[in-house]
Amino acid sequence: MTPQPNVFPDPGALAESAANRIAGAAASSVSQRDRFAVGLAGGSTPRQLYRTLAEEPWRSRIPWERTHVYWSDERCVPPDDPQSNYAMAQETLLSAVELPPDSIHRIQGELPQDEAVAAYADELFDSFTDFPPRLDVVLLGLGADGHTASLFPDSPQLAERERLVVPTRSPEPPHERISLSLRTLNAARCVIFLVTGEEKADALRRVLERRDGSLPAARIQPIDGEVCWLVDREAAGELSI
Ligand code: 6PG
0 MTPQPNVFPD
10 PGALAESAAN
20 RIAGAAASSV
30 SQRDRFAVGL
40 AGGSTPRQLY
50 RTLAEEPWRS
60 RIPWERTHVY
70 WSDERCVPPD
80 DPQSNYAMAQ
90 ETLLSAVELP
100 PDSIHRIQGE
110 LPQDEAVAAY
120 ADELFDSFTD
130 FPPRLDVVLL
140 GLGADGHTAS
150 LFPDSPQLAE
160 RERLVVPTRS
170 PEPPHERISL
180 SLRTLNAARC
190 VIFLVTGEEK
200 ADALRRVLER
210 RDGSLPAARI
220 QPIDGEVCWL
230 VDREAAGELS
240 I
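No gaps in the numbering here: position 119 of the sequence shown is 118 in numbering that gives the first Met the number 0, and each next residue is one more.
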């Protein structure tokens with residue numbers, strides 16, 4: 000079934016809605032499992048959401064002491080590199096909230112790519128009781144080419160059925176990336192796409208209305224979970240709704 004996008008007048012309204020959904024999922028996860036495992040997206044779109052979560056009222060509404068933070072993907076760069084997804088989250092959110100240090104499950108982009116992939120897969124395996132590991136919420140963005148996380152069109156990693164984490168190659172630098180696999184992404188309880196800007200309108204239409212399976216974002220179909228699309232008016236500009 001084609002998920003119906005939630006269209007917002009601007010990125011600020013979208014961030015507030017996303018924060019509300021995350022707070023709800025966190026409360027439910029903590030009450031059921033005494034922990035909340037969230038996978039953060041990279042890129043620039045999530046910046047506003049992370050800043051929103053770092054401020055009241057949302058900062059007080061998230062049970063940070065029971066929250067474990069993961070990433071959907073990372074660039075193969077050091078954690079203090081301006082291109083690092085960890086660095087962006089640290090700047091906009093993690094530096095403002097009290098998280099136990101062992102609750103931050105950083106992808107070690109400074110390591111050689113295959114070592115970083117193996118280390119992150121071990122971290123996921125060790126920090127979840129279920130297999131494949133089920134993140135409570137995964138945040139994802141959408142590239143203009145239909146990529147999501149660091150899964151790019153026509154890449155062999157789209158056929159991966161076993162591995163939890165995969166090495167990938169981005170057409171844009173930094174070329175070497177580390178990404179959760181489709182297997183792990185589709186094990187999530189809830190996937191929230193955050194999409195803003197006119198440059199995403201064609202990819203969003205192809206994913207939501209044409210269900211174009213050549214686009215990695217169209218392959219995000221959680222086995223036992225929900226997907227919600229939070230988009231602004233510019234990104235929704237080519238949808239027929
Ligand atoms: C990354 C992200 C990537 C991102 C999209 C959208 O590491 O860059 O994982 O998938 O979400 O490229 O990026 P923007 O939010 O910057 O448009």
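Built from N, CA and C at the ideal position, the CB exists for glycine as well. Everything numeric in this text was worked out from a predicted model, so none of it was measured.
First and last residue of the uninterrupted alpha helix (DSSP H) at residue i
| i | result |
| --- | --- |
| residue 21 | 10-32 |
| residue 96 | No alpha helix (DSSP H) holds residue 96; DSSP gives it neither H nor E. |
| residue 202 | 200-207 |
| residue 181 | 181-184 |
| residue 124 | 112-126 |
| residue 238 | First-last for residue 238: undefined, no H or E at that position. |
| residue 52 | 45-53 |
| residue 276 | With the chain covering only 0 through 240, there is no way to say anything about residue 276. |
Residue i Cβ short of 6 Å to the ligand 6PG heavy atom set
| i | result |
| --- | --- |
| residue 84 | yes |
| residue 140 | yes |
| residue 43 | yes |
| residue 40 | yes |
| residue 200 | no |
| residue 17 | no |
| residue 80 | no |
| residue 148 | yes |
| residue 9 | no |
| residue 72 | yes |
Rounded Cβ spacing between residue i and residue j (contact assumed at less than 8 Å)
| i | j | result |
| --- | --- | --- |
| residue 185 | residue 220 | 6 Å |
| residue 36 | residue 134 | 5 Å |
| residue 139 | residue 192 | 5 Å |
| residue 78 | residue 105 | 6 Å |
| residue 116 | residue 164 | 5 Å |
| residue 176 | residue 154 | Rounded, the Cβ-Cβ distance is 10 Å, inconsistent with contact. |
Beta strand (DSSP E) segment containing residue i, residue limits
| i | result |
| --- | --- |
| residue 168 | 164-168 |
| residue 228 | 225-231 |
| residue 192 | 189-194 |
| residue 66 | 66-70 |
| residue 36 | 35-39 |
| residue 138 | 136-139 |
| residue 242 | The first residue shown for the chain is 0 and the last is 240, placing residue 242 beyond what the model contains. |
| residue 7 | 5-7 |
Nearest to residue i (by Cα), restricted to the options the options
| i | options | result |
| --- | --- | --- |
| residue 49 | 90, 32, 83, 200 | 90 |
| residue 142 | 103, 124, 100, 196 | 196 |
| residue 17 | 174, 137, 236, 150 | 137 |
| residue 223 | 30, 53, 190, 79 | 190 |
| residue 66 | 32, 81, 198, 75 | 32 |
| residue 76 | 174, 201, 215 | 174 |
| residue 188 | 27, 19, 146, 3 | 27 |
| residue 5 | 218, 212, 216, 203 | 203 |
| residue 97 | 118, 227, 167, 62 | 62 |
| residue 144 | 166, 171, 119, 128 | 171 |
| residue 217 | 129, 81, 146, 235 | 146 |
| residue 70 | 84, 64, 151, 236 | 84 |
| residue 56 | 22, 94, 81, 213 | 22 |
| residue 73 | 240, 94, 38 | 38 |
| residue 14 | 229, 240, 235 | 229 |
| residue 168 | 113, 119, 99 | 113 |
| residue 236 | 201, 212, 213 | 201 |
| residue 102 | 24, 131, 64 | 64 |
| residue 199 | 95, 234, 212 | 234 |
On the three-pair Cβ rule with 8 Å, is the segment 100-113 touching the segment 6-20?
no
Flag this pair as touching only if the segment 42-55 and the segment 207-220 have three or more C-beta atom pairs under 8 Å; answer yes or no.
By the Cβ test, the segment 42-55 is not in contact with the segment 207-220, since fewer than three Cβ pairs between them sit closer than 8 Å.
Evaluate the contact criterion for the segment 172-184 versus the segment 144-164: three or more CB pairs, one atom per stretch, below 8 Å.
yes
Between the segment 120-128 and the segment 77-93, are three or more C-beta pairs nearer than 8 Å?
Segments in contact, no.
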